[in-house]
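A short worksheet on the structure shown next.
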């Protein structure tokens, strides 16, 4: 007796956002986020003291104020744009997949999204972490939590993970398509690729040799066996490939890292230190791309679009223009669909006949 083809589900996973731009919801979000040992990778006792004595008593109010500057009538920008992507991908995939969006922290939660997929008969999962570059604190944490939730059931479903797509042609072409008219319209004389930062120790942990990452000034000039999982090396590679697509001249772009937290060394150069340096060198019209983010969020709209812009102009620049993220751009939707289909083989089936 023939058995029906297994029903597939696609789980799009982004990092997360508070439910409202107020101190209480932001505190709940930050507690879940920063309590993750893959995010703050120190001894649990030290993490508890850092979180409860130094971060949560002060940071929620400040972060809530920042969120209010970019919050929309529909809600958090990250959630709004991620929902738009979810809807567009669902339409493109049609009946082949059931599609759900989940956030690693906050809502819609991973357990709830997985439960909704299971309720619709899904027993085979494809997981797409919406982070272009590999990092323990984003893609690895999201996958680990997904596997943990799926393993809670008696029958553990088949799971496929779409790998990091920092060098995917569709991803790169889509970002170039978004950036090209902005650079032209603003007559930008320099492009800054500002990626989210991470502690330097995270790079060293990704180096199996223990001798390559951050050991020399040119450690990220190419992808090698030693740094193929290094977040910083992948970011520099993405910037080089985007610069080529945008026909940026040598010296016409800079790479930097934003959003550092605490006193521990983070990967360099720092965006907030690069901005006045560029202004001092005579850059007047700066375009900033944030290719670590596929949806606009607090880090792009507020940190770059507002604060970095003010800093650059105060330092002597004329204008700073944030290049929008991919959000639900048609070329990005096409790229997501291709990534999903490329990661999946033929639909899994049970035995064709029971005896």
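In my numbering, the protein residues as written are 5 to 359. Glycine included, each C-beta is placed from N, C-alpha and C at the ideal position. Quick caveat: nothing in here was measured; it's all calculated off a predicted structure.
Next item on the list: Find the nearest neighbour of residue 363 within the set 268, 112 and 63, judged by alpha-carbon distance.
Entry: Not covered by the structure: residue 363. The range shown for the chain is 5 to 359.
Next item on the list: Could you tell me the boundaries of the beta strand (DSSP E) in which residue 257 lies?
Entry: Where residue 257 is concerned, the enclosing beta strand (DSSP E) stretches over 257 to 262.
Item checked: Anticipated Cβ contact below 8 Å, residue 124 with residue 102, distance rounded -> 5 Å
Next item on the list: For my contact list, residue 179 and residue 132 are in at a C-beta cut-off of 8 Å; report their separation, rounded to the angstrom.
Entry: With 8 Å as the limit, residue 179 and residue 132 do not qualify as a contact, their Cβ atoms being about 17 Å apart.
Margin query: What would DSSP say about residue 67, mapped onto helix, strand or coil?
Written below: Residue 67 falls in the helix class under three-state DSSP.
Next item on the list: On a CA-only basis, which of 52, 83, 290 and 40 is nearest residue 302? Give me that one, please.
Entry: 83
Next item on the list: Please look up how many angstroms separate the CB atoms of residue 64 and residue 27, rounded, as I've assumed it's under 8 Å.
Entry: Confirmed, Cβ separation roughly 5 Å.
Next item on the list: Pick helix, strand or coil for residue 194, following the three-state DSSP scheme.
Entry: strand
Checklist line | Extent of the continuous alpha helix (DSSP H) to which residue 310 belongs | finding: Note, residue 310: premise wrong, no alpha helix (DSSP H); not H, not E.
Check: So, helix, strand or coil for residue 26, using DSSP?
Finding: coil
Margin query: When you compare the stretch 25 to 43 with the stretch 319 to 331, are there three or more beta-carbon pairs, one atom per stretch, that lie closer than 8 Å?
Written below: Taking 8 Å as the limit for Cβ pairs, the verdict is that the stretch 319 to 331 does not touch the stretch 25 to 43.
Note to self: I'd like the span of the beta strand (DSSP E) that includes residue 165, first residue to last.
What the structure shows: According to the DSSP assignment, residue 165 belongs to the beta strand (DSSP E) that extends over 162 to 165.
Checklist line | Strand pairing of residue 50, partner residues [DSSP] | finding: Bridge partners of residue 50: none, in fact.
Next item on the list: Mind checking which residues open and close the alpha helix (DSSP H) that includes residue 242?
Entry: 235 to 249
Note to self: Tell me the DSSP secondary structure of residue 20 in three-state form.
What the structure shows: strand
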